[in-house]
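Here's the structure, in structure tokens; my notes come after.
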Amino acid sequence: GENVEQHPSTLSVQEGDSAVIKCTYSDSASNYFPWYKQELGKGPQLIIDIRSNVGEKKDQRIAVTLNKTAKHFSLHITETQPEDSAVYFCAASSNTGNQFYFGTGTSLTVIP
Amino acid sequence: NAGVTQTPKFQVLKTGQSMTLQCAQDMNHEYMSWYRQDPGMGLRLIHYSVGAGITDQGEVPNGYNVSRSTTEDFPLRLLSAAPSQTSVYFCASRSGQVYGYTFGSGTRLTVV
Numbered sequence: 068g069e070n071v072e073q074h075p076s077t078l079s080v081q082e083g084d085s086a087v088i089k090c091t092y093s094d095s096a097s098n099y100f101p102w103y104k105q106e107l108g109k110g111p112q113l114i115i116d117i118r119s120n121v122g123e124k125k126d127q128r129i130a131v132t133l134n135k136t137a138k139h140f141s142l143h144i145t146e147t148q149p150e151d152s153a154v155y156f157c158a159a160s161s162n163t164g165n166q167f168y169f170g171t172g173t174s175l176t177v178i179p
Numbered sequence: 341n342a343g344v345t346q347t348p349k350f351q352v353l354k355t356g357q358s359m360t361l362q363c364a365q366d367m368n369h370e371y372m373s374w375y376r377q378d379p380g381m382g383l384r385l386i387h388y389s390v391g392a393g394i395t396d397q398g399e400v401p402n403g404y405n406v407s408r409s410t411t412e413d414f415p416l417r418l419l420s421a422a423p424s425q426t427s428v429y430f431c432a433s434r435s436g437q438v439y440g441y442t443f444g445s446g447t448r449l450t451v452v
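For the protein sequence lines, the chains are A and B, in the order given. Mapped onto the working numbering, the consecutive letters of the first sequence carry residue numbers 68 to 179. Mapped onto the working numbering, the consecutive letters of the second sequence carry residue numbers 341 to 452.
Right, dumping it as structure tokens:
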């Protein structure tokens, strides 16, 4: 099956700086890559996603890039704010979208 | 619009007891899934359903049963609870056209 690795496991940045979280996947059949944000005591919330026919996608301060050849994708958060502090998960899914394989999460702390 | 509703939020079981975790969604989503979240391991798929009457196993199905008699409900049954099933359980749903899952707020289960 698919194996998704996520780095780093923890990340601290100063408010206003950028944060980058990286994930790699193993199954070349994976073609959908969502990112989820999980705040303490809550369920994961989809924040951005990308399909394998697109190299980059942006939504205001967040962006995701995908390198199919190298099988890795990254989440970029610019101008970080304290409310960005949370655990972020990447995931990969094949064409059916039935099974999602998640990374182990990155705990992001934005220091005011 | 309540989204995905999970009950109970917290539960303590004794080893060998059985229980059902409830999940209901009011978005008319065809796809529903159950995940467990353990520290350092991300989210792992237990069972999923692509529509009423259709279920399948995920990565870690042992010890769990599911059924999908209606579009709205997808209960998860623990037949004989074990300490290894201590975890946070999330139910999620999505439509057939949108791959991103909507997650519930979770059930924290402790088996003693």
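Quick reminder that beta carbons are idealized off the backbone N, C-alpha and C, glycines included.
Kindly list the residues whose CB is nearer than 6 Å to the CB of residue i, restricted to its own chain and excluding five residues on each side of it in sequence; keep chain order.
{"i": "I88/A", "result": "L142, Y155 and T173"}
{"i": "N70/A", "result": "S93"}
{"i": "P423/B", "result": "V451"}
{"i": "S161/A", "result": "A96 and S97"}
{"i": "D126/A", "result": "I115"}
{"i": "R417/B", "result": "T360 and N405"}
{"i": "T176/A", "result": "S79 and S152"}
List the whole-angstrom C-beta distance separating residue i from residue j, where the pair is believed to meet the contact cut-off of C-beta under 8 Å.
{"i": "Y99/A", "j": "G164/A", "result": "6 Å"}
{"i": "A432/B", "j": "Y375/B", "result": "7 Å"}
{"i": "P415/B", "j": "S427/B", "result": "With 8 Å as the limit, P415/B and S427/B do not qualify as a contact, their Cβ atoms being about 17 Å apart."}
{"i": "S97/A", "j": "A159/A", "result": "4 Å"}
{"i": "Q425/B", "j": "G403/B", "result": "6 Å"}
{"i": "I144/A", "j": "S76/A", "result": "Going by Cβ atoms, the distance from I144/A to S76/A rounds to 17 Å, so no, they are not a contact pair."}
{"i": "Q357/B", "j": "L449/B", "result": "Their Cβ separation, rounded to whole angstroms, is 11 Å, which puts Q357/B and L449/B out of contact at 8 Å."}
Could you tell me the distance, in whole angstroms, from the CA atom of residue i to the CA atom of residue j?
{"i": "G108/A", "j": "T345/B", "result": "14 Å"}
{"i": "L419/B", "j": "L383/B", "result": "22 Å"}
{"i": "Q81/A", "j": "I178/A", "result": "5 Å"}
{"i": "P149/A", "j": "N368/B", "result": "35 Å"}
{"i": "C90/A", "j": "I129/A", "result": "16 Å"}
{"i": "R381/B", "j": "F169/A", "result": "According to the sequence as given, residue 381/B is Met; it is not Arg. M381/B and F169/A: Cα-Cα distance of roughly 9 Å."}
{"i": "Y371/B", "j": "E146/A", "result": "35 Å"}
{"i": "T347/B", "j": "D366/B", "result": "15 Å"}
{"i": "Q362/B", "j": "V438/B", "result": "24 Å"}
{"i": "P379/B", "j": "K124/A", "result": "30 Å"}
{"i": "F140/A", "j": "Q73/A", "result": "10 Å"}
When every heavy atom of the ligand GDP is checked, does at least one fall within less than 8 Å of the C-beta of residue i?
{"i": "L142/A", "result": "This structure does not include the ligand GDP; it has no bound ligands of any sort."}
Can you find the residues in the same chain that come closer than 8 Å, C-beta to C-beta, to residue i, ignoring five residues on each side of it along the sequence?
{"i": "T395/B", "result": "H387, Y388, S389, V406, S407 and R408"}
{"i": "L385/B", "result": "S373, W374, Y375, G398, E399 and V400"}
{"i": "R118/A", "result": "N98, Y99 and F100"}
{"i": "Q105/A", "result": "P111, Q112, A153, V154, Y155, F156 and G172"}
Can you list, in chain order, the residues of its chain with a C-beta nearer than 7 Å to that of residue i? Leave out the 5 residues immediately preceding and following it.
{"i": "A392/B", "result": "R408, S409, T410 and T411"}
{"i": "F430/B", "result": "Y375, Q377, L383, F443, G444 and G446"}
{"i": "G122/A", "result": "T132 and L133"}
{"i": "L113/A", "result": "P101 and Y103"}
Would you list, in chain order, the members of the stretch 377-399 of chain B that have their beta-carbon closer than 8 Å to a beta-carbon of chain A?
G380, M381, G382, L383, R384, L385, Y388, V390, D396, G398 and E399
Closer than 8 Å between beta carbons: that is the criterion. Which residues of the stretch 420-431 of chain B meet it against chain A?
F430
Compile a chain-ordered list of the residues in the stretch 148-170 of chain A whose CB is closer than 7 Å to at least one CB of chain B.
F156, S160, G164, N165, Q166, F167, F169 and G170
Any beta strand (DSSP E) of 3 or more consecutive residues that is wholly inside the stretch 358-428 of chain B:
359-365, 371-377, 383-391, 394-397, 404-406 and 416-418
In chain order, what residues of the stretch 434-446 of chain B put their CB closer than 8 Å to some CB of chain A?
Flagged, chain order: R434, Y439, G440, Y441, T442, F443, G444, S445 and G446.
Segments assigned beta strand (DSSP E), at least 3 residues, entirely inside the stretch 78-147 of chain A:
Segments of the beta strand (DSSP E) lying fully in the stretch 78-147 of chain A: 86-92, 99-105, 112-118, 123-126, 129-134 and 139-144.
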